[in-house]
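Be aware that the sequence shown starts at 88, since it is given in my numbering, and climbs by one per residue. Backbone N, C-alpha and C define an ideal beta-carbon position, used for all residues, glycine too. Here the structure is laid out as structure tokens; the discussion comes afterwards.
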Amino acid sequence: MSESTPTPATGAVKPKFDQEELIKLVKTPDFIRFIGQFITLISVILYSLTYIRIGTSWYWIWYQLSLLGVIGSLSVVLLEDIKVKGFNFVSLIKDDNVHYALLAGLLLFIRAYVLLTLIPFGIFALFNVLSYTKGYLLPVFGLNNSSPITKTVDNIVTNYGPKSAQLISITEIYTYGWLIIRMITFRKRSLSPVLVYTVFLKKRFETSHITRNYFKTLEVQGDKLINQVNHPTVKQIWVQFKDILRKVGGIYLVNDYTKEPEKTL
Numbered sequence: 088m089s090e091s092t093p094t095p096a097t098g099a100v101k102p103k104f105d106q107e108e109l110i111k112l113v114k115t116p117d118f119i120r121f122i123g124q125f126i127t128l129i130s131v132i133l134y135s136l137t138y139i140r141i142g143t144s145w146y147w148i149w150y151q152l153s154l155l156g157v158i159g160s161l162s163v164v165l166l167e168d169i170k171v172k173g174f175n176f177v178s179l180i181k182d183d184n185v186h187y188a189l190l191a192g193l194l195l196f197i198r199a200y201v202l203l204t205l206i207p208f209g210i211f212a213l214f215n216v217l218s219y220t221k222g223y224l225l226p227v228f229g230l231n232n233s234s235p236i237t238k239t240v241d242n243i244v245t246n247y248g249p250k251s252a253q254l255i256s257i258t259e260i261y262t263y264g265w266l267i268i269r270m271i272t273f274r275k276r277s278l279s280p281v282l283v284y285t286v287f288l289k290k291r292f293e294t295s296h297i298t299r300n301y302f303k304t305l306e307v308q309g310d311k312l313i314n315q316v317n318h319p320t321v322k323q324i325w326v327q328f329k330d331i332l333r334k335v336g337g338i339y340l341v342n343d344y345t346k347e348p349e350k351t352l
């Protein structure tokens with residue numbers, strides 16, 4: 088995605104709205120993607136408010152709209168990618184956009200209505216909306232890089248954008264933990280989200296070094312906790328549990344990550 092170059096401001100000239108540039112933007116696939124991400128961001132916020140009893144009767148609309156926004160925006164990205172690179176099944180099954188689009192579609196189908204499942208989408212949407220706003224929409228309204236609004240948005244994207252991938256990964260892991268807790272406490276519609284998220288997180292583990300590193304961190308923390316408990320039975324269960332996870336990890340769905348060089352956070 089290339090950024091348009093804003094015209095520098097001179098003196099105290101009032102920002103000028105460029106209607107022709109806006110019409111051009113509206114006709115681009117990137118703008119459609121932006122609309123999808125914007126819908127997701129707003130819907131996630133509104134769905135979050137239902138947890139504090141604001142607009143509770145609309146909860147199902149916000150949940151479904153947030154996922155539809157994800158599916159719509161990622162579909163645009165994938166279609167544009169296929170147009171440029173051609174259809175390659177092997178590449179597609181490793182593509183993060185495919186994983187997230189499938190996850191959104193399955194969550195929409197099973198209708199789990201769990202806030203944590205939307206948070207990664209919300210974080211992703213937030214930084215995409217901010218990036219597009221800075222690079223394309225603000226210049227249309229005559230706000231260049233020296234304007235206070237542009238500087239604020241740029242600071243947020245620059246300082247926090249690179250960390251968003253890490254935040255998304257750790258949120259996904261905790262989401263999986265919460266879904267398991269819901270399942271073992273027999274909450275309504277709790278089994279299907281666990282099954283869906285198990286497959287999704289397995290794919291993320293194979294394609295994302297950030298996710299793998301966080302799992303390793305959790306394993307180290309688990310080892311320390313078990314050593315502190317210092318109970319033979321608990322230690323044996325922990326060892327067996329890790330052995331099962333390693334065997335499951337040896338079944339590759341989309342990518343054999345062991346052939347790739349190790350990366351750190």
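Assuming Trp147 is part of the alpha helix (DSSP H), what are its boundary residues?
Tyr146 to Lys172
Contacting residues, own chain, Cβ-Cβ under 8 angstroms from Leu112 (five flanking each side not counted):
Phe118, Tyr223, Leu224 and Val227
Is the beta carbon of Tyr301 sitting closer than 8 angstroms to the one on Ser234?
With contacts defined as CB atoms closer than 8 angstroms, Tyr301 and Ser234 fail to qualify as a contacting pair.
My guess is that Leu266 and Tyr284 are in contact by the Cβ rule of under 8 angstroms, so how many angstroms apart are they, rounded?
5 angstroms
Let me know the secondary structure DSSP gives Gly142 once reduced to three states.
coil
Could you tell me the distance, in whole angstroms, from the CA atom of Ser153 to the CA atom of Ser130?
5 angstroms
Could you tell me the boundaries of the alpha helix (DSSP H) in which Asp330 lies?
Pro319 to Gly336
Less than 8 angstroms between the CB atoms is what I'm expecting for Gly142 and Leu133, so what's the real figure, rounded?
6 angstroms
Can you check the stretch 232-263 for any beta strand (DSSP E) of at least 3 residues that lies completely inside it and give the ranges in chain order?
none
Among the candidates Phe125, Asn184 and Phe176, whose CA atom is the shortest distance from the CA of Thr295?
Correcting the residue type first, residue 295 is Ser in the shown sequence and not Thr. Ranking Phe125, Asn184 and Phe176 by Cα distance to Ser295 puts Asn184 first.
Three-state secondary structure (DSSP) of Gly192:
helix
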